[in-house]
Structure formats: structure tokens, C-alpha cells
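Add 1 to the 1-based position in the sequence shown for this note's numbering, that's all there is to it. Backbone N, C-alpha and C define an ideal beta-carbon position, used for all residues, glycine too. Being a predicted model, the structure only gives us computed values, none of them experimental. Working notes, structure below.
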Amino acid sequence: MTLALGQRLEKTVKGTDLALAGEALSLDRTGALWLPEHRTLVVSDLHLEKGSSFAARSGQFLPPYDTRETLACLHEVVQRLDPACVVALGDSFHDARGPERMEPGDRAMIAALQEGRDWVWIAGNHDAAVSEGVGGRYCETVQLGGLTLRHEPLAAAGAGEIAGHLHPCGKVSMRGRSVRRRCFVSDGQRLVMPAFGAYTGGLNVRDAAFEPLFPKGFTAYLLGDGRVFAIGRTMLGRD
Numbered sequence: 002m003t004l005a006l007g008q009r010l011e012k013t014v015k016g017t018d019l020a021l022a023g024e025a026l027s028l029d030r031t032g033a034l035w036l037p038e039h040r041t042l043v044v045s046d047l048h049l050e051k052g053s054s055f056a057a058r059s060g061q062f063l064p065p066y067d068t069r070e071t072l073a074c075l076h077e078v079v080q081r082l083d084p085a086c087v088v089a090l091g092d093s094f095h096d097a098r099g100p101e102r103m104e105p106g107d108r109a110m111i112a113a114l115q116e117g118r119d120w121v122w123i124a125g126n127h128d129a130a131v132s133e134g135v136g137g138r139y140c141e142t143v144q145l146g147g148l149t150l151r152h153e154p155l156a157a158a159g160a161g162e163i164a165g166h167l168h169p170c171g172k173v174s175m176r177g178r179s180v181r182r183r184c185f186v187s188d189g190q191r192l193v194m195p196a197f198g199a200y201t202g203g204l205n206v207r208d209a210a211f212e213p214l215f216p217k218g219f220t221a222y223l224l225g226d227g228r229v230f231a232i233g234r235t236m237l238g239r240d
């Protein structure tokens, strides 16, 4: 976001720290979520090896650097926060054979990130069949205090759900120009996380897919340049 737009949006910022089901949450500028009371870092939808997946399935060659770029970003936030546990919230790989296609250097980077900490892979719709080969442990959901961490949000879930899957993005238009950024979405009861992967697209939070999850409205926390901007639903535009 440009400085001018950021100055205008700053009036709506309530900070990047939230409370959900009595638990403290900190929304990181990278799109990661920090749970300080649990010393746990949560990332969602890494979609590692998406580029190689496109090449293997369709012959469509994308620059083969998405995994390295995503892991470099993850390395930065891990080094900065030093979590005791990292939870990857599903669709960590773009398909079940993603781990087989990883470059040795990328495997080594994952191993280095896992060293000395608990590492949990939650199954997603893209990588549910992955269960070994990249370290860590695998599960369907994680319960941390009053929080339930899963890949796909459930409309009937109780308070405290943290999920990914939808790749939310928010669009803001001011003075004839628009900015579209990845974002967290929350109504104080649940939180949907942005996709962390370098090659991931995004779904506008005004899309109908979000309506059953947030029937009373929500706030989108857009990832800006070095900070997170809290934007009310009425200020967000459709694509």
C-alpha cells in the first residue's frame, strides 16, 4: 500500500493483536499467525511445489522458485519469533507427490526449520494423502486451549476456530485507485487465515463463500507494507 493510502486507512487500525475464545492472537505482517501463550506459529496454504505440479500435470512451466521463496519467508518469521511449535494449516503441498519433487536444498531448509521444535502438518484438500517424508507429525485438527485449528472452516463450528483454505483477499478503492491484498478475516468468533504460499491466488472476502462463516459481518486485516491494516466490511469492494 502506498503511504497516502496507508495514512487514510490508519484511522481504522485497531492494532494487529486480537482475542479469540479467550486466547491472544497476533497477526504477523507476513500472513503468519502468532499464538504467544502457546509459543506457536501458524501458517496456512503454503502450496509448496505448485510450480512443479503445473509442469508435471499440464506441461505448463512456471518459474520453479515458489517453494524456495515461500520457505525463505517462513524462515524469516521463524527466526524472528522462535516458536516452540509450528502448525502448517493444510495444503502445505500443492499435491500429494509434492514432497517427492522437492529439491534437496528445500528439503534441507524444512529440516532446519523443524530442528528443536514441534512441527505439525494438518491435512488439507490438496495434500491429505501426504503422511511422511518431510518430518514433523500429521493430524486432522489441533486443539490449543480454546482454539481449534483446521484446514477448511466449518459454518457450524463454535467460537475459536482458526482455518485457512479460502485464501482471503481484500480490495480497497480510494481516489480512483484500488489495492488488493491478502488478508486475515475475523468476526471475533473465528479467524480465516491468508494463504502464505508465493504462488497462491486469492478469493475476495466479499465473495458468497464467506457469507455463511460471517453472517453478522467481519473485519479484514490486510497485509500492507510492513504492517497490517484493519478494514471494516463496508469499506471493502468486490472484484
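- Note on the segment 41 to 115: whole alpha helix (DSSP H) runs with a minimum of 4 residues are 51 to 59, 67 to 82, 99 to 102 and 105 to 115, in chain order.
- Buried is the label assigned to MET194, since at least 16 other Cβ atoms lie within 10 Å of its Cβ.
- C-alpha of HIS76 to C-alpha of GLU104: approximately 17 Å in a straight line.
- Within its own chain, the residues whose Cβ lies closer than 8 Å to the Cβ of ASP18, once the five positions on either side in sequence are excluded, are ALA25, LEU26, SER27 and LEU28, listed in chain order.
- Within the model, the alpha-carbon separation for ARG69 versus ASP240 is close to 30 Å.
- Per DSSP, the continuous beta strand (DSSP E) segment holding ASP18 begins and ends at 18 to 21.
- The three-state reading of DSSP puts GLU38 in helix, counting H, G and I together.
- Beta-bridge analysis with DSSP links MET236 to no other residue.
- Going by beta carbons, THR41 and PHE197 fall outside the 8 Å limit.
- Residue VAL88 holds the alpha-carbon nearest to the alpha-carbon of LEU148 among GLY125, VAL88, ALA129 and HIS166.
- Collapsing the DSSP output to three states places ALA221 in a strand.
- In the structure shown, the three-state DSSP call for ALA210 is helix.
- THR235 is classed as exposed because its beta carbon has fewer than 16 other beta carbons within 10 Å across all chains shown.
- Where TYR200 is concerned, there is no enclosing beta strand (DSSP E), because DSSP gives it neither an H nor an E.
- Annotation for LYS217: ASP188 place their beta carbon closer than 8 Å to its own, counting only its chain and skipping 5 residues before and after.
- Taking the Cα of GLU50 as reference, the smallest distance to any Cα among ASP92, ARG183, GLY233 and ASP67 is reached at ASP67.
- For ILE123, the closest of GLN115, ALA109, VAL143 and GLY106 by C-alpha to C-alpha distance is VAL143.
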